[in-house]
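Following: one structure in structure tokens, then a few remarks.
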Amino acid sequence: MSHKIIVPIGPYHPLQDEPEFFQLYVEGEKVVDIDIIIGYNHRGIEKLSESKHFDQVPFLVERICGICSSSHPYAYCLAVENILGGEINIVPEKALYIRTIIDELQRIHSHLLWLGLAGHFIGYNTVWMWAWKYREPVLDMFEMVTGNRNNYAMFKIGGVRRDIKDEDIPLLRKMLDELLPAVDLFRGAVMDDPVIKMRLKDVGTLTYQQAVDWCVVGPTARASGVNIDIRRDDPYGVTERLDWNVILEKDGDIFSKTIVRILELYESISIIRQSLDKMPKSGVIDAEVKDIPEGEGIGRVEAPRGECFHYIKSDGTNQPVRHKVRSPSFMNVASDKVSAVGGTISDATITLAAVDPCYCCTERVAVINKINNRKVMNGWDLVKLSQEKTLKLKEGYHGRPK
Amino acid sequence: MRLPKVRELKEAIKSLFSPAYTSDFPRKPHIPYERFRGRPYFHEEDCTGCTACAQVCPAKAIEINDEIKGALAKRKLTVHWDICIFCGQCQANCLTAKGIMLSREFDLATTEKREDLKQTIEKEFVLCESCAEPIVPYDQYVWVAKKLGPLSFTNASLLLFYLRSIGLALKERIHPGPGSKPAAINRSTRIKTLCPRCRREAVLKS
Ligand code: SF4
Ligand code: SF4
Chain A
0 MSHKIIVPIG PYHPLQDEPE FFQLYVEGEK VVDIDIIIGY NHRGIEKLSE SKHFDQVPFL
60 VERICGICSS SHPYAYCLAV ENILGGEINI VPEKALYIRT IIDELQRIHS HLLWLGLAGH
120 FIGYNTVWMW AWKYREPVLD MFEMVTGNRN NYAMFKIGGV RRDIKDEDIP LLRKMLDELL
180 PAVDLFRGAV MDDPVIKMRL KDVGTLTYQQ AVDWCVVGPT ARASGVNIDI RRDDPYGVTE
240 RLDWNVILEK DGDIFSKTIV RILELYESIS IIRQSLDKMP KSGVIDAEVK DIPEGEGIGR
300 VEAPRGECFH YIKSDGTNQP VRHKVRSPSF MNVASDKVSA VGGTISDATI TLAAVDPCYC
360 CTERVAVINK INNRKVMNGW DLVKLSQEKT LKLKEGYHGR PK
Chain B
0 MRLPKVRELK EAIKSLFSPA YTSDFPRKPH IPYERFRGRP YFHEEDCTGC TACAQVCPAK
60 AIEINDEIKG ALAKRKLTVH WDICIFCGQC QANCLTAKGI MLSREFDLAT TEKREDLKQT
120 IEKEFVLCES CAEPIVPYDQ YVWVAKKLGP LSFTNASLLL FYLRSIGLAL KERIHPGPGS
180 KPAAINRSTR IKTLCPRCRR EAVLKS
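Residue numbers (numbering that gives the first Met the number 0), protein chains in the order written: chain A, 0 to 401; chain B, 0 to 205.
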């Protein structure tokens, strides 16, 4: 093929809401190559951050991602606190607990969001509706404690901006108690359902070696057996003092990625419960940091999608001179190059979605026939195809082919 | 195999016989939580016009315009709700803590242009009695004087202001208006409301 005609869809189509663009090259049913194009949505966050003063930056980085909107400000605050002498030495005790609680609540809502969409992509729309239904109380708790369902405006250098009041604690506990049976339900629905197992096992596999080679992070790496978790490896907040486990799976297929995320829901619930138990009843929540000395600092946070990294350089003024952000999806999305190639197109949607690439990215897909370079389908067709495959498997399983 | 289906069936039946989970929004008004961060409003009686809120606003949603027309100088404070990100920093850093407050209004829909999504308040300036430069908004003066109490007697401008407010000094003089030649600075100028520059000159020269 000397001359290629590529028919792209997106990334500015009004229906498509995220700035990534996947181009699949197919031969018949098989995906032979994949092009991942990013950078359509360069917002100049890092540059913008250098024009704001230190206390304003959390509000900016919070808006890098609407879903991990506590990970980015947290990592930023850790980076600045690194210059100041470390989170643990500055931030008051109660604020550490509040930080951990907010961070873990965010993980719960993000994993539930992923679960719902994964369900949708493989044609289990009931899972989608239920997962999002049980995600709703988590968002309500955010609204109650922080004042908004997203963009919590909680993190500040040296502490947090809003307190978790005594009267909030029983409500938080109640929400967690009610969430637990729902998580049980999802675990059951995924682990025991033979059709889901058939659909997701050995699909979009990322082996241990590939995971290491492509430097994937977070649940994507843990599903392939790579034992990394920033909460344990470089502890922040109070996670060090609490009793919880890093969830590991070996297979690296989408089934493992789903299991990792579902089991992490239990760990997050347990972390929040323990934090609520141990959190001091009263106390200051803000160290009132005034000046940021000259220096460089890094902050790492385990966002729901993996390691979120912030670097800050300060020259002693009230603005950062350099701010560098590396978000986890940037590492994970590239691994689709190995996990999606070789599979069938009906598996492509869920494979691309399995790294949780800040979601609707997968809707922006064009499938291109390698023989004549024509575009053959778009994102919605792919979702449909994926759903049809599940249906076929289901019918095959129940012995009622139509 | 049978068991999981029963479990899911239970959930399905539960969902079937419970009312829709989503809220009935347009028909029933939605009431956000108490701490919800919604549209910020200036409260004219509590705002002093100090502009601290504009300084801290990360989105630059608060615009300050100082208008000087003849002997009348005004500060216009505008909060643009189309730019605002509802972070609550303005309220948290407000001088009086009540000058700008976030409400629980979440619905910003309008049939007007987005530029019209704003609220403007005006604050009158105190002018320098020597050169007619605007110094601070009148209300900020009052607030500082009240806050300092008797300590404000150390500052001639504030002392004068205080004496006037209790009727012990003559009311304001007619301002010459900006652009006019500054009044000559002499010893008596020191007991006048002055801008920092004139105050310095008055102290040094008289
Ligand atoms: S809420 Fe935040 S963005 Fe809105 S006006 Fe206040 S400081 Fe600015
Ligand atoms: S008093 Fe409050 S609302 Fe008024 S200008 Fe100052 S900070 Fe803003």
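Even glycine gets a Cβ: it sits at the ideal position worked out from N, Cα and C. The structure presented is a predicted model; accordingly, all values stated were derived computationally and were not measured.
Grab me the residues of residue i's own chain with a C-beta within less than 6 Å of its C-beta, minus the 5 sequence neighbours each way, in chain order.
i: A:Gly118; result: Val126 and Trp127
i: A:Ile404; result: No answer is possible for residue 404 of chain A: the residues shown for chain A start at 0 and end at 401.
i: A:Ile163; result: Ile97 and Val144
i: A:Ile89; result: Glu80, Leu83, Gly157 and Ala286
i: A:Lys249; result: Gly224
i: A:Asp34; result: Gln22
i: B:Arg186; result: Ser205
i: B:Cys197; result: Cys127, Ser129 and Cys130
i: A:Leu392; result: Val194, Met197 and Arg198
i: B:Asp81; result: Arg113 and Leu116
How close, in whole Å, do the beta carbons of residue i and residue j come, if the pair is a contact with beta carbons under 8 Å?
i: A:Ala101; j: A:Tyr151; result: Position check: residue 101 of chain A holds Ile in this sequence, whereas Ala was assumed. With 8 Å as the limit, A:Ile101 and A:Tyr151 qualify as a contact, their Cβ atoms being about 6 Å apart.
i: B:Ile190; j: B:Ala155; result: 6 Å
i: B:Pro31; j: B:Arg103; result: 5 Å
i: A:Cys64; j: A:Ser326; result: 7 Å
i: B:Cys52; j: B:Cys83; result: That pair is no contact at about 11 Å.
i: A:Ser78; j: A:Gly203; result: What sits at residue 78 of chain A in the sequence shown is Ala, not Ser. Contact doesn't hold; Cβ gap of about 34 Å is too wide.
i: A:Phe185; j: A:Leu114; result: 6 Å
i: B:Glu66; j: B:Ala72; result: 7 Å
i: B:Cys56; j: B:Gln88; result: 6 Å
i: A:Ser385; j: A:Gly27; result: Going by Cβ atoms, the distance from A:Ser385 to A:Gly27 rounds to 17 Å, so no, they are not a contact pair.
i: B:Val143; j: B:Lys117; result: Wrong, their Cβ atoms sit about 28 Å apart, outside the cutoff.
i: A:Pro91; j: A:Gly282; result: 6 Å
i: B:Thr242; j: B:Thr95; result: In this structure chain B extends from 0 to 205, so residue 242 of chain B is not present and cannot be described.
i: A:Leu170; j: A:Met140; result: 7 Å
Counting C-beta neighbours from all protein chains within 10 Å, is the total for residue i 16 or more, i.e. buried, or is it exposed?
i: B:Lys9; result: exposed
i: B:Val202; result: exposed
i: B:Ser22; result: exposed
i: B:Phe206; result: A query on residue 206 of chain B cannot be resolved here, the shown segment of chain B reaching from 0 to 205 and no further.
i: A:Thr361; result: Summary for A:Thr361: the model assigns pLDDT 40, below 50, so the residue's position carries little reliability, and this model does not support an answer.
i: B:Ala70; result: exposed
i: A:Lys93; result: buried
i: A:Gly217; result: buried
i: A:Asn124; result: exposed
i: B:Asp138; result: buried
i: A:His41; result: exposed
i: B:Phe24; result: exposed
i: B:Asp64; result: The sequence as given places Asn at residue 64 of chain B; Asp does not occur at that position. Exposed, since its Cβ has fewer than 16 Cβ neighbours within 10 Å.
i: A:Ile271; result: buried
i: B:Arg199; result: exposed
i: A:Lys388; result: buried
i: A:Phe308; result: buried
i: A:Leu116; result: buried
i: A:Leu264; result: buried
i: B:Ile165; result: exposed
i: B:Lys13; result: exposed
For residue i, which residues in the same chain have their Cβ closer than 8 Å to its Cβ, ignoring the five residues on either side in sequence?
i: A:Ser274; result: Tyr96, Thr99, Ile100, Glu103, Val237 and Leu241
i: A:Gln209; result: Ser223, Gly251, Ser334, Val337 and Ser338
i: B:Ile85; result: In the sequence as displayed, the identity of residue 85 of chain B is Phe instead of Ile. Taken in chain order, the residues that qualify are Arg36, Gly37, Arg38, Pro39 and Leu101.
i: A:Leu262; result: Arg186 and Ile246
i: B:Thr110; result: none
i: B:Leu162; result: Ala168
Can you list, in chain order, the residues of its chain with a C-beta nearer than 7 Å to that of residue i? Leave out the 5 residues immediately preceding and following it.
i: A:Ser109; result: Ile66, Cys67 and Pro303
i: A:Tyr73; result: Arg98, Asp102, Phe154 and Val300
i: B:Ile149; result: The amino acid at residue 149 of chain B is misidentified as Ile; the sequence shows Pro. Taken in chain order, the list of residues that qualify is empty.
i: A:Asp314; result: Glu293 and Val320
i: B:Pro133; result: Asp65, Ile67, Ala72, Phe124 and Leu126
i: A:Met330; result: Cys214, Val215, Val216 and Gly305
i: A:Glu86; result: Leu77, Glu80 and Tyr235
i: B:Leu193; result: Cys127, Glu128, Ser129, Ser156 and Ala201
i: A:Arg160; result: Ala152 and Met153
*With contact counted as at least three CB pairs below 8 Å, one residue from each stretch, are the region 252-262 of chain A and the region 146-161 of chain A in contact?*
no
*With a cut-off of 8 Å, do at least 3 Cβ pairs link the region 173-182 of chain A to the region 126-141 of chain A?*
yes
*Spell out a yes or no on whether the region 113-127 of chain B and the region 37-48 of chain B are touching, meaning 3 or more CB-CB pairs, one atom from each, closer than 8 Å.*
Pairwise C-beta distances place the region 113-127 of chain B in contact with the region 37-48 of chain B, as three or more of them are shorter than 8 Å.
_Three CB pairs or more closer than 8 Å across the region 43-56 of chain A and the region 310-323 of chain A_ = yes
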